[in-house]
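Novice: Protein chains in written order, with the working numbering: chain A, 592 to 714; chain B, 592 to 714. Ideal Cβ positions, reconstructed from N, Cα and C, are used throughout, including at glycine. Here the structure is a predicted model, which is why all the values come from computation and not from measurement.
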DNA sequence: CCGATATTTCTACATGACGTAAAAGTATTG
DNA sequence: CAATACTTTTACGTCATGTAGAAATATCGG
């Protein structure tokens, strides 16, 4: 899967958090508004990044409207799950990894994990 | 965390699978022996990669012995767990992600996951 | 319909990671 | 000490990414 650079990541975060599709200008403004990094990127920069994200399949664009409108192709969670599966690989040591991983999560998470597992199992 | 290139990954795999520390020459031979890629890398290539892996903290080297001997600093599983946590991030959507992730694992794995969870909970 | 303006596409460059290895330096050993 | 083994230094090509100017194209007010 495609890992993301810092800017790509920021753009995806904005798209994931937005209910509406966003334009390159929307994104540039939102990026400039973030934290202390009032960098004011050029719109072309944002467009380049969007094109790359589109090629990676992470973003869909509406070419029908004039300022093209961009949306995330899949949810943030689905994307993260993809990353998890990438990290886990097809290796045979999945269970060993999961065991260690679970050993490191919080008690709270252990509880909800269990709840999730229960609901899955019932299906 | 540091993600690995193809060669770096191959080297780590060999180190992870080896009980003994390995030398650059050991690794070069082992790499040449892998599958159909009888590339016969130069030893300096292997040494460069090892130096980079050392800088990344993934590999430790014994400088005392003359042909330096290299070992993986942490287990493959621990490394993978690190990747998992990187992928999950510190975000608040961990549970949503875990829910989706678990929804996608096999029944077998669900069972062992449950077993693992049980043992953890008892602690 | 036209010129001004907005938007997109094309092209470009710097940086850093990675694969790759020759050249040069240093240690070992007969 | 000379030959050999090993390590460090230096180097280059490629690719991903951040960044944006130039060029092309579409839109809009008049």
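Quick one: which residues of the stretch 676 to 693 of chain A get their C-beta closer than 9 Å to a C-beta of chain B? List them in chain order.
Specialist: Residues passing the 9 Å Cβ filter: 676, 677, 678, 679, 680, 682, 684, 685, 686, 687, 688, 689, 690, 691, 692 and 693.
Novice: Using a cut-off of 8 Å between C-beta atoms, extract the partners of residue 669 (chain A) located in chain B.
Specialist: On the first chain, residue 669 (chain A) is found 78 positions in, with the first residue counted as 1. Neighbours of residue 669 (chain A) on chain B, chain order: 691.
Novice: Return the chain-ordered list of same chain residues with a C-beta closer than 6 Å to the C-beta of residue 635 (chain A), the five sequence neighbours on each side being excluded.
Specialist: What you label residue 635 (chain A) is simply residue 44 of the first chain in a count that begins at 1. Within the same chain, residue 635 (chain A) has no close Cβ partners at all.
Novice: I need the DSSP call for residue 586 (chain B), collapsed to helix, strand or coil.
Specialist: The structure shown has nothing for residue 586 (chain B), since chain B only spans 592 to 714.
Novice: Quick check on the DSSP output: the beta strand (DSSP E) that includes residue 639 (chain B) runs from which residue to which?
Specialist: Within the second chain, the letter at position 48 stands for residue 639 (chain B). First-last for residue 639 (chain B): 634 to 646, but that is the alpha helix (DSSP H), not the beta strand (DSSP E).
Novice: With C-beta atoms as the reference, is residue 707 (chain A) less than 8 Å away from residue 711 (chain B)?
Specialist: Within the first chain, residue 707 (chain A) is the residue found at index 116, counting from 1. Within the second chain, residue 711 (chain B) is the residue found at index 120, counting from 1. Contact flag unset, no.
Novice: From the DSSP secondary-structure annotation, give me the bridge partner or partners of residue 663 (chain A).
Specialist: Indexing the first chain from 1 puts residue 663 (chain A) at position 72. Per DSSP, A:650.
Novice: By DSSP's criteria, residue 613 (chain B) is part of a beta bridge. Which residues make up the other side?
Specialist: Sequence index remark: in the second chain, residue 613 (chain B) carries index 22 (1-based). Its beta-bridge partners are B:661.
Novice: Under a Cβ-count criterion, where at least 16 other Cβ atoms within 10 Å of its own Cβ denotes burial, should residue 671 (chain A) be classed as buried or exposed?
Specialist: As a first step, residue 671 (chain A) is located in the first chain; it is residue number 80 there, counting from the start. Looking at its Cβ environment, which holds 16 or more other Cβ atoms inside 10 Å, residue 671 (chain A) is buried.
Novice: Mind listing which residues of the stretch 628 to 657 of chain B have their C-beta closer than 7 Å to chain A's C-betas, in chain order?
Specialist: Cβ contacts with chain A: none found.
Novice: Report the residue from B:619, B:691, B:624 and B:648 whose alpha carbon sits nearest the alpha carbon of residue 666 (chain B).
Specialist: As a position in the second chain, residue 666 (chain B) is number 75, starting the count at 1. Minimum Cα distance to residue 666 (chain B) is reached at B:648.
Novice: Can you find a CB in chain A that lies within less than 8 Å of the CB of residue 602 (chain B)?
Specialist: Translated into positions along the second chain, residue 602 (chain B) becomes position 11. Residue 602 (chain B) does not count as touching chain A.
Novice: What would DSSP say about residue 656 (chain A), mapped onto helix, strand or coil?
Specialist: On the first chain, residue 656 (chain A) is found 65 positions in, with the first residue counted as 1. Coil at residue 656 (chain A), not helix or strand.
Novice: Going along chain B in order, which residues have a C-beta closer than 9 Å to the C-beta of residue 594 (chain A)?
Specialist: As a position in the first chain, residue 594 (chain A) is number 3, starting the count at 1. Those are 594, listed as they occur along chain B.
Novice: Just checking my contact of residue 674 (chain A) with residue 704 (chain B) at CB under 8 Å: how many whole Å lie between their CB atoms?
Specialist: Against the first chain, residue 674 (chain A) aligns to sequence position 83. Against the second chain, residue 704 (chain B) aligns to sequence position 113. Rounded, the Cβ-Cβ distance is 19 Å, inconsistent with contact.
Novice: Mind checking residue 653 (chain A): buried by the 16 CB within 10 Å criterion, or exposed?
Specialist: In the first chain, the residue the question calls residue 653 (chain A) occupies position 62. So residue 653 (chain A) counts as exposed.
Novice: Terminal residues of the continuous alpha helix (DSSP H) containing residue 686 (chain A)?
Specialist: Taking the first chain and counting its residues from 1, one reaches residue 686 (chain A) at position 95. First-last of the alpha helix (DSSP H) with residue 686 (chain A): 685 to 694.
Novice: Of all the options A:639, A:621 and A:680, which has the alpha carbon lying nearest to the alpha carbon of residue 606 (chain A)?
Specialist: Indexing the first chain from 1 puts residue 606 (chain A) at position 15. Among A:639, A:621 and A:680, the Cα nearest to that of residue 606 (chain A) belongs to A:621.
Novice: Going along the chain, which residues of the stretch 615 to 626 of chain B sit with their C-beta nearer than 8 Å to a C-beta in chain A?
Specialist: Hits within the stretch: zero.
Novice: List, in order along the chain, the chain A residues whose C-beta lies closer than 7 Å to that of residue 660 (chain B)?
Specialist: Here residue 660 (chain B) refers to the residue found at position 69 when the second chain is read from its first residue. Result: empty, since nearest Cβ-Cβ is about 24 Å, beyond 7 Å.
Novice: Could you give the C-beta distance for residue 651 (chain A) and residue 639 (chain A), rounded to a whole number, given that I count them as a contact under 8 Å?
Specialist: Here residue 651 (chain A) refers to the residue found at position 60 when the first chain is read from its first residue. Here residue 639 (chain A) refers to the residue found at position 48 when the first chain is read from its first residue. Actually they are not in contact, since the Cβ atoms of residue 651 (chain A) and residue 639 (chain A) sit about 17 Å apart, beyond 8 Å.
Novice: Of the choices B:658, B:685 and B:664, whose alpha-carbon is the least far from that of residue 610 (chain B)?
Specialist: On the second chain, residue 610 (chain B) is found 19 positions in, with the first residue counted as 1. The candidate whose alpha carbon is nearest that of residue 610 (chain B) is B:664.
Novice: Under a CB-based cut-off of 8 Å, is residue 704 (chain A) close to chain B?
Specialist: In the first chain, counting from the first residue as 1, residue 704 (chain A) sits at position 113. So yes, residue 704 (chain A) belongs to the interface.
Novice: Counting contacts by CB-CB distance shorter than 8 Å, is residue 605 (chain A) in contact with chain B?
Specialist: What you label residue 605 (chain A) is simply residue 14 of the first chain in a count that begins at 1. By this cut-off, residue 605 (chain A) is not an interface position.
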